[in-house]
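Residue numbers (my numbering): 42 to 459.
Think of the CB as a built atom: it goes at the ideal place given N, C-alpha and C, for glycine as much as any other residue.
Note sheet for the following structure.
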Amino acid sequence: MNIIAPKGTKDILGDEVYTWQKIEEGVARVCKLFSIEEIRTPIFEHTELFSRGVGEATDVVQKEMYTFVTKGEKSLTLKPEGTAGVVRAYLEHGLYVNKQPSKFYYVAPNFRYEQPQSGRYRQFHQFGVEYFGSASPACDAEVISVADMLIKNLGIKNTTLYLNTLGGSGCRKKYNEALVGYLRQSYDRLCPTCKSRFEKNPLRVLDCKEGACQPIIDKAPSTLDTLGPECRNHFEQLQEILTAMGIEFKINTKIVRGLDYYTRTVFEFVTDNIHGSIGGGGRYDGLVSLLGGAQTPAAGFAMGIERLCLALLSQNINIAEKPKCDIYIGAIGGKGFLESQKLVHGLRQKGLTAESDIISRSVKAQMKYADKLGAKYSVIIGDDEIVSGKVKIKNMSTSETGEIDINEIFGFIKSKDV
Ligand code: HAM
């Protein structure tokens with residue numbers, strides 16, 4: 042039997058795990074600075090949450106969902122994104138009665154049935170942030186600043202923040218009419234995907250990467266042309282706040298996002314040499330009411346952890362920190378072995394990373410293992426050491442040795458501040 046991981050999935054192991062741990066630590070640290078609370082929602086939800094929330098006409102709902110029918114004949118879907126589940130939980134638990142704005146973050150797996158390629162998986166992980174209760178551009182700016190801070194704290198460079206506004210529902214309607222009118226003239230030259238998008242969701246044509254469609258997309262009307270005064274003002278204020286914060290951005294009117302719930306602000310972070318965006322988000326003032334709640338302004342973003350890892354790798358940034366082994370307690374003979382177990386357990390209880398021999402190896406093999414662990418110090422305990430109560434402690438990198446009392450090992454290691 043030769044079972045391998047399903048296509049589009051990835052085992053996270055070895056040094057990469059330490060990179061993930063550092064990213065997750067970075068996420069928790071940044072979110073604490075913004076008083077954003079963690080939320081953990083289920084991996085699957087009722088399918089209807091996504092078809093209604095993300096949008097029937099989106100690629101995610103049309104083609105990419107992992108949907109299954111339970112024994113109770115309910116249709117469930119592995120979450121393809123995090124926002125809809127957080128909105129569902131926000132409404133189900135009446136979280137709106139708490140403080141406003143309410144701020145949440147998550148780090149969670151998501152599932153999309155896409156063609157795998159570099160940085161694109163069928164199971165991937167997102168760090169996402171969702172803010173509820175503020176319609177102010179200051180909220181959009183703060184959400185963007187969370188993502189910006191994480192990217193900068195990780196040391197990722199060559200990243201551009203692209204900013205656009207889709208306008209509110211009124212401006213959006215006008216824009217759709219202008220876009221449809223324009224695209225109709227070039228319909229015959231559009232690729233088959235764009236032809237189908239033209240029928241179902243014309244805005245998504247702007248997202249097409251096909252060479253043949255680019256000249257058409259380049260000349261398409263801009264979302265900025267049909268903005269009403271309120272939406273224009275919102276967008277201008279957002280830019281002023283970002284500028285005041287020292288966050289650089291570029292306006293890109295072709296950023297429309299692939300999910301239907303966005304209103305007004307949309308944005309994406311794109312890093313050189315990485316396929317797709319490393320993060321994206323925007324304002325979604327209609328989603329909470331669409332899912333049965335009161336009219337509630339909201340904004341958020343999500344970043345792919347795998348894409349952050351790729352960006353780090355492509356820029357030769359190593360944030361992985363392997364845990365250090367403070368001391369290896371080797372043993373000779375039965376009594377030495379028992380003493381080593383007592384010691385190693387005691388040292389761990391006091392907070393040191395200590396290792397011992399649990400597969401009955403020779404002393405030489407034990408020392409080789411201590412080396413592989415990267416142990417800072419080692420001792421070997423046998424009958425003589427038990428009688429004298431003293432051990433030779435060896436600095437594994439310099440090979441220097443010194444003699445200390447067995448019950449002084451903890452203090453010795455601490456004094457060396459390893
Ligand atoms: P999204 O742009 O679909 O937005 O995904 C956000 C990020 O998830 C992307 O920028 C990318 O880094 C990562 N990502 C998406 N698909 C894949 C994939 N197949 N493989 C690897 N990484 C992937 C959302 O999901 C929205 N819920 C973001 C949001 C939150 N908007 C408001 N609040």
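Cβ-heavy atom distance, residue i to the ligand HAM, below 7 Å
i	result
residue 304	no
residue 342	yes
residue 59	no
residue 322	yes
residue 167	yes
residue 234	no
residue 124	yes
residue 161	yes
residue 300	yes
residue 147	no
residue 318	yes
residue 345	yes
residue 240	no
residue 389	no
residue 183	no
residue 325	yes
residue 81	no
residue 281	no
residue 153	yes
residue 129	no
residue 171	yes
residue 348	yes
Simplified DSSP state of residue i, which is helix, strand or coil
i	result
residue 203	strand
residue 419	strand
residue 438	coil
residue 352	helix
residue 406	helix
residue 223	helix
residue 108	strand
residue 386	helix
residue 60	helix
residue 336	coil
residue 101	helix
residue 185	helix
residue 298	coil
residue 73	helix
residue 328	helix
residue 304	coil
residue 54	coil
residue 411	helix
residue 454	helix
residue 49	coil
residue 359	coil
residue 314	coil
residue 194	helix
residue 42	coil
residue 96	coil
residue 67	helix
residue 215	helix
Bridge partners - residue i, DSSP secondary structure assignment
i	result
residue 370	397, 420
residue 79	146
residue 446	431
residue 87	117
residue 321	309, 343
residue 292	204
Nearest neighbour of residue i, chosen from the options [CA to CA]
i	options	result
residue 295	257, 279, 155, 240	257
residue 127	374, 340, 449, 358	340
residue 87	313, 206, 175, 118	118
residue 260	252, 243, 224, 284	224
residue 266	61, 307, 217, 308	217
residue 106	112, 113, 140, 91	91
residue 280	178, 170, 310	178
residue 359	72, 51, 195, 334	195
residue 269	345, 292, 402, 210	210
residue 171	423, 141, 114, 429	141
residue 403	189, 395, 377	377
residue 145	124, 334, 344	124
residue 290	386, 159, 200	200
residue 222	182, 202, 263, 207	263
residue 389	408, 243, 368, 399	368
residue 419	165, 444, 428	444
residue 239	151, 440, 220, 433	220
residue 275	98, 233, 205, 293	205
| Complete alpha helix (DSSP H) runs within the stretch 113–180 (minimum length 4 residues, chain order) | 124–133
| message | Suppose only complete runs of 4+ residues qualify. What are the alpha helix (DSSP H) ranges in the stretch 232–281, listed by chain order? | response | 233–241, 255–259
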